[in-house]
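Position 82, counted from 1, in the sequence shown is what the working numbering calls 91; the numbers after and before it change by one each time, with no gaps. Here the structure comes first, spelled out in structure tokens, and everything after it is commentary.
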Amino acid sequence: MSDSKRITASKTELLELEKGFWTGDAAYYAANVDTECLVAFPRMARAMDNADLAKTATNPNRWRDLDIELKGIIEPGSDVIMLTYEAHATRENGEPYAALVSTGYVHRVNGWKMMFHSQTPIEAAADKA
């Protein structure tokens, strides 16, 4: 796919949605996840419905100091977009966390909804200083 293909979705809007998934509560998830979402984490990979995924966001203060560096974005169709980024954050207990993250969104009548999400932790998260 050519790098010159125009992305019609707002990168700013999508990155704000992503930040909300790191810091939001169950209501945020319920409002911004599609009917079903495919998730892939080191210890969990499956399709989850909106309500079950929302239940995983029980503590909205679980992350702080979030830094997202967008690595790529593609829009294979007018209603689907995929983005990948590197995330660095601090867990609620003070432990640093870094991951390569990919998220897919589908556009519905009420906006972009997450329909795919994957995180691959980066071992020995190094400071970006």
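Glycine included, C-beta positions come from ideal geometry on N, C-alpha and C. Quick caveat: nothing in here was measured; it's all calculated off a predicted structure.
Same chain only: Cβ atoms within 8 Å of residue i, ignoring 5 sequence neighbours per side
{"i": "Ala36", "result": "Ala63"}
{"i": "Glu45", "result": "Ala56, Met57, Asp58, Asn59 and Met124"}
{"i": "Ser13", "result": "Confidence in Ser13 is poor, its pLDDT being 45 and thus under 50, which makes the residue's placement too unreliable to answer from."}
{"i": "Thr17", "result": "Glu84 and Ser87"}
Integer-rounded CB distance, given that residue j should sit under 8 Å from residue i
{"i": "Ala96", "j": "Leu75", "result": "7 Å"}
{"i": "Gly33", "j": "Ala66", "result": "6 Å"}
{"i": "Arg71", "j": "Glu101", "result": "5 Å"}
{"i": "Ser127", "j": "Val110", "result": "7 Å"}
For residue i, the three-state DSSP class (helix, strand or coil)
{"i": "Ala96", "result": "strand"}
{"i": "Asp74", "result": "strand"}
{"i": "Thr129", "result": "strand"}
{"i": "Ala107", "result": "strand"}
{"i": "Lys64", "result": "coil"}
{"i": "Ala40", "result": "helix"}
{"i": "Glu101", "result": "coil"}
{"i": "Thr21", "result": "helix"}
{"i": "Gly33", "result": "coil"}
C-alpha gap between residue i and residue j, whole angstroms
{"i": "Ile90", "j": "His116", "result": "8 Å"}
{"i": "Ala40", "j": "Phe50", "result": "22 Å"}
{"i": "Gly120", "j": "Glu84", "result": "15 Å"}
{"i": "Ile131", "j": "Leu23", "result": "22 Å"}
{"i": "Ile77", "j": "Glu25", "result": "10 Å"}
{"i": "Gly29", "j": "Tyr38", "result": "8 Å"}
Spatial neighbours of residue i in its chain, beta-carbon cut-off 6 Å, leaving aside the 5 residues before and after
{"i": "Gly81", "result": "Thr93"}
{"i": "Tyr141", "result": "Summary: the structure shown does not reach residue 141, with the chain confined to residues 10 through 138, and so no result is reported for it."}
{"i": "Leu47", "result": "Ala56 and Phe125"}
Assigned exposure category for residue i - 16 Cβ within 10 Å defines buried
{"i": "Lys112", "result": "It should be noted that the sequence gives Thr, not Lys, for residue 112. By the neighbour-count rule (16 or more Cβ atoms within 10 Å), Thr112 is buried."}
{"i": "Glu27", "result": "buried"}
{"i": "Val118", "result": "exposed"}
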